[in-house]
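Numbering (full-length UniProt numbering), first residue to last: 1 to 757.
Here a beta-carbon is modelled for each residue, glycine too, at the ideal position from N, C-alpha and C.
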């Protein structure tokens, strides 16, 4: 089994996307890329026919460069023909001691020979007879020496990969054991040691919120354990039988869980899920008069009077006024991913979070009501929790519990529906009734060549809450949490995966990186950086934000956190400051300005006004704005490297960057593991302001079709204030990051000539 050595332990690029359709999708576009990874190789001896554990089976390998390794030892011709010199001994007894003894002689290849064989190995790990003959003549070696060198090389790589995989699995298992142990201790503290019932002590009693958090964490741990069991694959037939019995017990406990906690039974949940599925199918396929397309914006608008006639209304009223406002939207698009993998990404909560990092801050499968049929999960029903966010602390998050139902409609269509269930929120947290899901979800239709058509319907009931005036229009119009945002994010993520899995990358799309392994390693690091940025700047309950005023009048939110042992971030106290402003600039103009390295010194204080050089630039989407780049900032004091990830779609754009260790980044470029490279991202989020209007002129020229309005810019900086996790943020550090945001905003406004905004 081959393992990509550049994968981090918590790799977010899942194997379920590695389909032939994805890998070959850009084969007609991409041409010519050499695959190699950087890792030193040690000497090994392998006899012919003993390569790997599978006899003559050809194994998948990851190529590891050995440019820094010493000369490799292999067998000489004497080993296979003469097998060395013979020593004769005369003995009076005339027994078997007079037999010839063989002494093997070994030959060390020169550095030049190793370089030549390495070069061919990078292109073809399994050279044919003609290639071996040609190389042996060129290097002055026997063909069998070349053959066994390649066998040894492949076996070395396989052994290294297996050791690496085992160490990753062991570390994950240890972490799960520690988490489980801490949870057990917490539960034991809240129970009487004699009778096992909950104590009445205020210190020991668990609140309902703590109970729910433990339940969610337990669901996550169970999912991780199941994944590790599947990877290790060491279950015996007897273990399989006991596992089946365990699943039956789990299903029974699941029913008890719903009946005892929420007062619901399985038949009631399934009835609601089936009704929601029928409503979703009608909502996804109906035209007028249920959905009316706006002439002004081109968006589809739900005719709610017609909706109540067709489906009825569950809204209750007080003094003739509805309790909740309605948000409904529909969007249709084509995504490059096959249907089974897309369905799996919705039903696996971890994959779902990774697919929508800018929209989901928290998510968990609270319990599985029905596992569905086979690997396809047809008919699966599960209770889920999600905290939906906006990339600014100025807009509160939305927490919602819902049942997700997955069903295959026909040979080419699947449906995923979400719907909130009565009494669930009331029994968990009464505040959660502020937001409920009416039947929402998507219809997925399989198309040829790995494409699928997705019709997304988003239908929410939300109590009106206080929203900052700057964001009121974009939130209340349904754009922020609507179908258009979900669809644009899905298309962007699937496109990124296609470019990540592509094997033949054009030179113009991968400048500065010579190997495919280096390209993948950089893209993984850039993705981890962007996900970290999204988690850091939202209004999630992970953070506590304090409002301060800047010297130039902007409102700045400041939050601090402590990193104890996460190798992906610097250890110590981290201070994050975020500010959101409105600018009278079209979003794509601001996006192009901020990612332009030629103009970076106009706003970036870290550049000190010096020039910025692009070391590497990797395209990861059809839009050239979707790219990961390594920049070098030249100054009199030193040269600093910066990793930058830029993303843009039909709804929002992001530019995330962070200074990186030069030596660590150079190893990542060669294809080494990037999971332990500490990185602390800062960056920008750009949204339309929601004030859609008619074009100023009617023309077919794209550059002239500008509209009135502006954009909402969120700027965030993170700094390490102290390397000791026990320290506290100081006023000096708050003033420093406050000044950093104020000066950067001033520079941006000056460059774009919008100081008065």
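Residue span of the alpha helix (DSSP H) that contains residue i, given as start and end
i, result
"residue 493", "483-501"
"residue 112", "111-123"
"residue 352", "349-355"
"residue 532", "516-537"
"residue 306", "304-311"
"residue 474", "469-476"
"residue 505", "Careful: residue 505 lies outside any alpha helix (DSSP H) and carries neither H nor E."
"residue 665", "662-669"
Residue i, buried or exposed, once every other Cβ within 10 Å from all chains shown has been counted against 16
i, result
"residue 611", "exposed"
"residue 691", "exposed"
"residue 661", "exposed"
"residue 175", "exposed"
"residue 634", "exposed"
"residue 732", "exposed"
"residue 787", "With the chain represented from 1 up to 757, any question about residue 787 goes unanswered, as that position is not in the structure."
"residue 410", "exposed"
"residue 750", "exposed"
"residue 627", "buried"
"residue 753", "exposed"
DSSP state of residue i mapped onto helix, strand, coil
i, result
"residue 458", "strand"
"residue 241", "Note that residue 241 has pLDDT 35, beneath the 50 cutoff, so the model's placement of it is unreliable and the number below is only indicative. Helix."
"residue 71", "Note that residue 71 has pLDDT 41, beneath the 50 cutoff, so the model's placement of it is unreliable and no number is given."
"residue 441", "strand"
"residue 150", "helix"
"residue 418", "strand"
"residue 172", "helix"
"residue 141", "coil"
"residue 749", "helix"
"residue 271", "helix"
"residue 406", "strand"
"residue 339", "helix"
"residue 381", "strand"
"residue 107", "strand"
"residue 452", "strand"
"residue 587", "helix"
"residue 613", "strand"
"residue 641", "strand"
"residue 285", "helix"
"residue 677", "coil"
"residue 606", "helix"
Whole-angstrom distance between residue j and residue i, CA atom to CA atom
i, j, result
"residue 595", "residue 495", "20 Å"
"residue 648", "residue 625", "6 Å"
"residue 622", "residue 446", "22 Å"
"residue 169", "residue 564", "22 Å"
"residue 591", "residue 675", "28 Å"
"residue 655", "residue 490", "18 Å"
"residue 306", "residue 283", "11 Å"
"residue 726", "residue 582", "37 Å"
"residue 329", "residue 497", "27 Å"
"residue 466", "residue 638", "47 Å"
"residue 391", "residue 109", "57 Å"
"residue 310", "residue 684", "44 Å"
"residue 645", "residue 527", "8 Å"
Residues of its chain near residue i, where Cβ-Cβ distance is below 6 Å and the 5 sequence neighbours each way are ignored
i, result
"residue 518", "669, 670, 671"
"residue 764", "Here the chain has residues from 1 to 757 only, and residue 764 is not among them."
"residue 492", "649"
"residue 434", "463"
"residue 393", "539, 545, 557, 578"
"residue 301", "292, 294"
"residue 10", "Note that residue 10 has pLDDT 44, beneath the 50 cutoff, so the model's placement of it is unreliable and the number below is only indicative. Cβ neighbours of residue 10 beyond the five flanking positions: none."
"residue 334", "451, 453"
"residue 642", "631, 657, 659"
"residue 325", "462, 464"
Own chain residues within Cβ distance below 8 Å of residue i, not counting five before or after
i, result
"residue 46", "Legend: pLDDT at residue 46 = 36, less than 50; position of this residue unreliable, value from coordinates given subsequently. Excluding residues within five positions, the ones whose Cβ falls inside 8 Å are 148, 151, 152, 155."
"residue 570", "563, 678, 680, 720, 723"
Residues near residue i in its chain [Cβ-Cβ closer than 7 Å; skip 5 each side]
i, result
"residue 385", "216, 363, 364, 366, 401"
First through last residue of the beta strand (DSSP E) which encompasses residue i
i, result
"residue 293", "291-293"
"residue 366", "360-370"
"residue 561", "555-563"
"residue 651", "No beta strand (DSSP E) contains residue 651, which DSSP labels as neither H nor E."
"residue 628", "627-634"
Check: residue i C-beta below 6 Å from any heavy atom of the ligand ZN
i, result
"residue 293", "Here there are no bound small molecules, and the ligand ZN is not part of this structure."
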